[in-house]
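Reading through the structure tokens given below for one structure.
There are 4 protein chains.
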Amino acid sequence: MTVNSGPTRPVVLGQNQYGKAENRVVRITRDGATHHIKDLNVSVSLSGDMDEVHYSGSNAHVLPTDSTKNTVYAFAKEHGIESAEQFGIHLARHFVTSQEPIRRARIRIEEYAWDRIEHTGRGAHSFVRSGQETRLTQITYDGSAWEVVSGLTDLTVLNSTDSEFWGFAKDKYTTLPETHDRILATSVTGRWRFGWSDDAQRMPDWNTSYEEAKKHLLQAFAETYSLSLQQTLYQMGARVVEHRGEIDEVRLSLPNKHHFLVDLERFGLKNDDAEGAVYYAADRPYGLIEATLLREGCEARIPVDLTNL
Amino acid sequence: MTVNSGPTRPVVLGQNQYGKAENRVVRITRDGATHHIKDLNVSVSLSGDMDEVHYSGSNAHVLPTDSTKNTVYAFAKEHGIESAEQFGIHLARHFVTSQEPIRRARIRIEEYAWDRIEHTGRGAHSFVRSGQETRLTQITYDGSAWEVVSGLTDLTVLNSTDSEFWGFAKDKYTTLPETHDRILATSVTGRWRFGWSDDAQRMPDWNTSYEEAKKHLLQAFAETYSLSLQQTLYQMGARVVEHRGEIDEVRLSLPNKHHFLVDLERFGLKNDDAEGAVYYAADRPYGLIEATLLREGCEARIPVDLTNL
Amino acid sequence: MTVNSGPTRPVVLGQNQYGKAENRVVRITRDGATHHIKDLNVSVSLSGDMDEVHYSGSNAHVLPTDSTKNTVYAFAKEHGIESAEQFGIHLARHFVTSQEPIRRARIRIEEYAWDRIEHTGRGAHSFVRSGQETRLTQITYDGSAWEVVSGLTDLTVLNSTDSEFWGFAKDKYTTLPETHDRILATSVTGRWRFGWSDDAQRMPDWNTSYEEAKKHLLQAFAETYSLSLQQTLYQMGARVVEHRGEIDEVRLSLPNKHHFLVDLERFGLKNDDAEGAVYYAADRPYGLIEATLLREGCEARIPVDLTNL
Amino acid sequence: MTVNSGPTRPVVLGQNQYGKAENRVVRITRDGATHHIKDLNVSVSLSGDMDEVHYSGSNAHVLPTDSTKNTVYAFAKEHGIESAEQFGIHLARHFVTSQEPIRRARIRIEEYAWDRIEHTGRGAHSFVRSGQETRLTQITYDGSAWEVVSGLTDLTVLNSTDSEFWGFAKDKYTTLPETHDRILATSVTGRWRFGWSDDAQRMPDWNTSYEEAKKHLLQAFAETYSLSLQQTLYQMGARVVEHRGEIDEVRLSLPNKHHFLVDLERFGLKNDDAEGAVYYAADRPYGLIEATLLREGCEARIPVDLTNL
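Chains as they are written, first to last, in UniProt numbering: chain A, 1 to 309; chain B, 1 to 309; chain C, 1 to 309; chain D, 1 to 309.
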């Protein structure tokens, strides 16, 4: 067996990371006849002293991704899953402290929510997947400081009025008419970064924080009379920062899911009266509005791009 | 311009249909400050005296698919959307009765549910997409008889106990151990056919029927102590037929979403005790269990295959 | 343990089937340093004497879906994978002939094509997935007769001219202008049924048949001057029936992937001259044209609906 | 109409951007009877003096996303689409130089490749979508410096031998056996950054650069005898940097698409002999290997995370 030797290195190895992605973990706990479920998709990403495996293929510093998978399942048993954040903290700490070459661990988790099925049978061990948003978290640990960024995706919301769009800049390619009443709909993708970064600090209540952040996003969306989606975005993110002292930064990515009032006058029908309005819900293209809201004095650390489009 | 003439016809034209698929219609109605939303994806499929367009490209009998799209939007305004079924009936009747060459219309509709966002602002015009299952209906009309098949897809449910699987047939390729306690999870795809077929009959209350059918599916899933997914499927479908006199036939397609208990003994951990059990939620392959349940004396008419896999 | 007894049966069990879906099988064969790859997704569906498992949960007649999965992998080794069709025939025959309660087996297979990577290194064991269409087959066997339906999906094609659409029927909802030059694009989903049904008959060369059928579909699409997508569809299907004696029936489902010429006159630009035309490629809605072409004297047996929309 | 006033601003607005995403543009050019096609998905993202729209909803600085869409289509006509990169450069320059409040434009483009359909009819205007990888580019311009990052996604490759994995680190959760012959398969997602950043520099030949970069990735994958996917990744990225002087940085994200040799000894079958080996192609979880390769002296600027998992 001959192995390709590395190049003579005018090429430098930059940031690198590896691990097992998308470990699907379901944990059931039993409180008598009442069961509880946690349903996660856990991705592990490790960095450290990994030059040699890239240059020569020597795996001496490489804990197999398969071992990181096994660790995810074993930790679900050993530590339980109190919250996605707490579970990620257990994992990240373990990898950084137990494997000398590993200097940084990043754990990403998707969580799927389940509701109980109401029924008259015995026990309480039947669930239906709620299917609304997906809860997200990302835990990063380098042996000293923690960074926790949580969030959600696919939370689709719609206001059927109280949205306008006018007074905008115009250039030679502008044909859009102004409007004083439109549907405003979006599918919220958001991330928020916690101030907590040190084991010496008191840890937030991750589950309460998530429920409250989601509630504020929904309420701010509903309660804002909107002159632009940017304004609504600002209100949504600012409300989270204002009400949740544990959160220092919010990044939101809001596609403007266009609903176009259909021209029915061609068919002798008026389409904007009290008895109802009919819209075409468009797929592509869509406006995409993105911004970061920061607690004063805090530094922005959430990456600018939450999607690839 | 020369046009390919048809072949000398050793080839026969069989069943054919055409129309506009996936018309995304949102209708907002206003009851003072309280708004209501209906969100549909409507597909139109027409058949009839269409030989000539296939043979020669003569479009004299072809109402453009674009016109069928316009009709969907105009009818949403003119007739409203009381239910997906009622809306489809309006459309199907129109196409068959208004265009001489069209002998059969089939309307397929997906409906997406929205919940209200709870908030303290003014008005009630803010919604969040519920994201659970997608409601389905298919209306077929040939000028005399109606066939209405409704259903749902992507309703994901899980029982964390009260499921066994043992006593099965064994061949030389059988390695599966028997189990007396497992997770039973599936993503329900179902269709149910209504007995209603004639304008002279009293029409069912489509929305009540849907809510009740879904409720029975969920409750039967939750309340059945399962020795096989086939048994659970039977209970689910039979319960709908038994409780809903307007429904004559139910077809269910239930993927067995396997959750494998992880072997943690390798790591000195017991994984089946009261404090919790950890499972690997597998993607593929999956068992797929499908069956039709019929009211006695009724004929099966729902196609056997609800998916292509 | 108590088990739900079946209902008192005003409900009748209709068609039912079960098996393991989406078994992903890759087989590598070695011809010295030259390797060959077959990449399949195999779904097994069995029917027979299965009433009892639905009524009582007794699994005595139920070969576990897990065993059917093991059989797929074992047969890939024992019988090889000469073609998807031949592999499905081996499997279907096995299930029907080896398990008494099983009276019908249906095997569905998706096949993914790979091209060789051209390079100057040693050996020929490097592949890149071609990514064009997915090849399909479905084998059904009831112990005496065979039905083989092959096909493809996701073959996306486009003619940038030689397509017109005019002379169509008009109603009050018709606003579409006639056109004498448009883009015609579609994503072909097709199924074709073979005449072969009996072990005593000579079996077709499945791989040659597939390559030729695909070639005819592509060529007929390219060579037809189109006055309607129905006409193009007819030419595509008829060409397969005419040229491939082993195929008796073709069903095609062709979405009309609309490309709308953009109105650029608003910006002082002419958008239909020789230097190029700019189109908006729309997603939804889309026309959907479907038809069956039959060899004269043959019966149509491919289901009418190849999609759920 | 009353409008929510902004908060009293303990909240700071950070990075923000907006624009129209996923404009699907197809351009056909005619060279006599021979047509050419370019098929793009273009997303526009603009930043600048946009505080006011977030605070108050005043749109005075906001060019509508609809105008950016119109610009994409108009520019496809006016400037043509020589390459995705050149097209993005035209657009980015336009937005930054023509609208005072806009200080930075970022254009992201996906490009879909089409092959010609071989046939014997007249003309050359028939195409089939190649379906292999998707070509990507991102152009960023702030009025003075350019950044061009191109790449691809969904290029799926497989080596059926010449891959080993052994000598790795072990911890208490390690159960993976070492292997000296395995399938190595991945779906390549890559980005590469060009050195070109100034209008005064000579621009690369974008299309040649793309074809060559893809060729080097494929060849390096095929020609590397692999002791780890990290080693293969390094060879792939380094080869691009070494051979393409216009490229300073490459980031690759390689999922390890596991193919597990099936244990057939349970059925009396040997599964590793010359006549062929049968593998189970797994979906999730998967190893995920990511790294940056840099030309010596260059700074890394491609974001670390190309996916969200």
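Backbone N, C-alpha and C define an ideal beta-carbon position, used for all residues, glycine too.
In angstroms, rounded to a whole number, what distance separates the CA positions of T68/B and V44/B?
Counted from its first residue, the second sequence places residue 68/B at position 68. Counted from its first residue, the second sequence places residue 44/B at position 44. Roughly 7 Å between the two C-alpha positions.
Just list the residues that DSSP pairs I139/D with in beta bridges.
As a working mapping, residue 139/D is identified with position 139 in the fourth sequence. The partner list for I139/D (beta bridge, DSSP) reads I107/D and V148/D.
Could you check the C-alpha separation between G143/C and V96/C for me, to the nearest Å?
For the purposes of this step, residue 143/C is identified with residue 143 of the third sequence, where counting begins at 1. For the purposes of this step, residue 96/C is identified with residue 96 of the third sequence, where counting begins at 1. If I take the Cα positions, the gap works out to 6 Å.
Along the region 263 to 278 of chain B, what residues have a CB closer than 8 Å to any CB found in chain D?
R266 and F267
Bridge partner(s) assigned by DSSP for Y255/B:
Within the second sequence, residue 255/B is the residue found at index 255, counting from 1. Correcting the residue type first, residue 255/B is Pro in the shown sequence and not Tyr. Answer is L288/B.
For H119/C, which residues of its own chain have a beta-carbon under 7 Å away from its beta-carbon, when the five flanking residues on both sides are left out?
The residue given as residue 119/C occupies position 119 in the third sequence. Taken in chain order, the residues that qualify are S126.
Where does D39/B sit, in a helix, a strand or coil, going by DSSP?
Taking the first residue of the second sequence as position 1, residue 39/B is located at position 39. Three-state result, D39/B: strand.
Which residues in chain D have a C-beta closer than 9 Å to the C-beta of Y286/C? List them in chain order.
Counting from 1 along the third sequence, the entry for residue 286/C is found at position 286. At a C-beta separation below 9 Å, Y286/C has no neighbours in chain D, since its nearest C-beta there lies roughly 13 Å away.
May I ask you to verify whether the region 151 to 168 of chain D touches the region 189 to 202 of chain C, counting CB pairs closer than 8 Å and requiring at least 3?
no
D171/C versus chain A: which residues are under 7 Å apart at the beta carbon?
Stepping through the third sequence from its first residue, residue 171/C is reached at position 171. Ordered by position in chain A, no residue passes the 7 Å Cβ test against D171/C, which lies about 10 Å from the chain.
Name the chain A residues that come within less than 8 Å of D66/C, Cβ to Cβ?
If you number the third sequence from 1, residue 66/C lands on position 66. The premise fails here: D66/C is roughly 19 Å from chain A at the closest Cβ pair, so nothing lies under 8 Å.
In this structure, how does DSSP classify G14/A when only helix, strand and coil are distinguished?
Locating residue 14/A in the first sequence gives position 14, counting from the first residue. Here G14/A sits in strand by DSSP.
For E299/A, count the other beta carbons within 10 Å of its own beta carbon; 16 or more makes it buried, fewer makes it exposed. Which is it?
The sequence position of residue 299/A within the first sequence is 299, counting from 1. Residue burial is scored here from C-beta neighbours: E299/A has fewer than 16 other C-beta atoms within 10 angstroms and is therefore classed as exposed.
Cα-Cα separation, T2/B to V53/B:
Here residue 2/B refers to the residue found at position 2 when the second sequence is read from its first residue. Here residue 53/B refers to the residue found at position 53 when the second sequence is read from its first residue. Confidence in T2/B is poor, its pLDDT being 33 and thus under 50, which makes the residue's placement unreliable; the coordinate value appears in the next sentence. If I take the Cα positions, the gap works out to 16 Å.
Answer with buried or exposed for A222/D, where buried requires no fewer than 16 other C-beta atoms within 10 angstroms of its C-beta.
Mapped onto the fourth sequence, residue 222/D falls at position 222. Flag for A222/D reads buried.
So, using beta-carbon positions, are V241/A and R284/A closer together than 7 Å?
What you label residue 241/A is simply residue 241 of the first sequence in a count that begins at 1. What you label residue 284/A is simply residue 284 of the first sequence in a count that begins at 1. Cβ distance not < 7 Å, so V241/A and R284/A don't count as in contact.
Can you find a C-beta in chain A that's less than 7 Å from the C-beta of N159/B?
Translated into positions along the second sequence, residue 159/B becomes position 159. Judged by the 7 Å Cβ criterion, N159/B is in contact with chain A.
Taking the CB atoms as reference points, tell me whether D115/B and S130/B lie closer together than 7 Å.
As a working note, residue 115/B is residue 115 in the second sequence. As a working note, residue 130/B is residue 130 in the second sequence. Yes. Within cutoff.
From the DSSP output, which residues share a beta bridge with S226/C?
Reading the third sequence from its first residue, position 226 is the one you call residue 226/C. For S226/C, which the question treats as bridged, DSSP gives the partners S163/C.
Rounded C-alpha distance that separates T137/A from L309/D
Position 137 of the first sequence holds residue 137/A. Position 309 of the fourth sequence holds residue 309/D. Answer to the nearest angstrom: the Cα atoms are 11 Å apart.
Buried or exposed: K214/D, going by 16 or more other Cβ atoms within 10 Å of its Cβ?
Residue 214/D sits at position 214 when you count from the first residue of the fourth sequence. Burial call: buried.
Does DSSP put A21/B in a helix, in a strand, or in coil?
Residue mapping note: residue 21/B aligns to position 21 of the second sequence, counting from 1. A21/B falls in the strand class under three-state DSSP.
Classification of G268/C by the beta-carbon crowding that lies within 10 angstroms, buried from 16 upward
Start at 1 with the first residue of the third sequence, and residue 268/C comes out as number 268. So G268/C ends up on the exposed side.
For S187/C, which three-state DSSP category applies?
Stepping through the third sequence from its first residue, residue 187/C is reached at position 187. If DSSP states are grouped into helix, strand and coil, S187/C belongs with the strands.
Could you confirm whether any beta carbon from chain C is found closer than 7 Å to the beta carbon of V3/B?
To locate residue 3/B, count along the second sequence from 1; it is residue 3. Only weak support is given to the placement of V3/B: the predicted model assigns it a pLDDT of 39, under 50, and the question is left unresolved by the model.
So T71/A contacts chain D; which residues on that side make the cut at Cβ distance below 7 Å?
Residue 71/A sits at position 71 when you count from the first residue of the first sequence. Those are Y173, listed as they occur along chain D.
Given a cut-off of 7 Å, decide if V250/C and Q15/B are closer than it, judged by their beta-carbon atoms.
One-based indexing of the second sequence puts residue 15/B at position 15. One-based indexing of the third sequence puts residue 250/C at position 250. No, they are not a contact pair.
Give every residue of the same chain whose Cβ lies closer than 8 Å to the Cβ of R103/C, excluding the five residues on either side of it in the sequence, and list them in chain order.
The residue labelled residue 103/C in the question sits at position 103 within the third sequence. The residues are S47, G48, D49, V96, D142 and G143.
Verify whether the separation of the beta carbon atoms of I109/A and L63/A is less than 7 Å.
Taking the first sequence and counting its residues from 1, one reaches residue 109/A at position 109. Taking the first sequence and counting its residues from 1, one reaches residue 63/A at position 63. No, they are not a contact pair.
Answer yes or no: does any C-beta atom of chain B fall closer than 7 Å to that of Q132/A?
Here residue 132/A is taken as the residue at index 132 of the first sequence, counted from 1. Cβ-Cβ to chain B under 7 Å: yes for Q132/A.
Any chain C beta carbon closer than 7 Å to T156/D:
For the purposes of this step, residue 156/D is taken as residue 156 along the fourth sequence, with counting starting at 1. Yes, contact with chain C.
Interface residues of chain A around D283/C at Cβ under 7 Å?
Looking up residue 283/C in the third sequence gives position 283. The answer, in chain order, is D283 and R284.
With 16 as the cutoff for other CB atoms within 10 Å, does Q201/A come out buried or exposed?
Within the first sequence, the letter at position 201 stands for residue 201/A. It counts as exposed.
Chain-ordered residues of the region 46 to 66 of chain B with a beta carbon less than 8 Å from chain C
M50, V53, H54, Y55, S56, G57, S58, N59, A60, H61, V62, L63, P64, T65 and D66
Any idea if G151/B is buried or exposed, counting beta-carbon neighbours within 10 angstroms, 16 or more meaning buried?
Mapped onto the second sequence, residue 151/B falls at position 151. That one is buried.
Helix, strand or coil for V44/C, going by three-state DSSP, please let me know.
Numbered from its first residue, the third sequence carries residue 44/C at position 44. V44/C carries a strand assignment under DSSP once its states are collapsed to helix, strand and coil.
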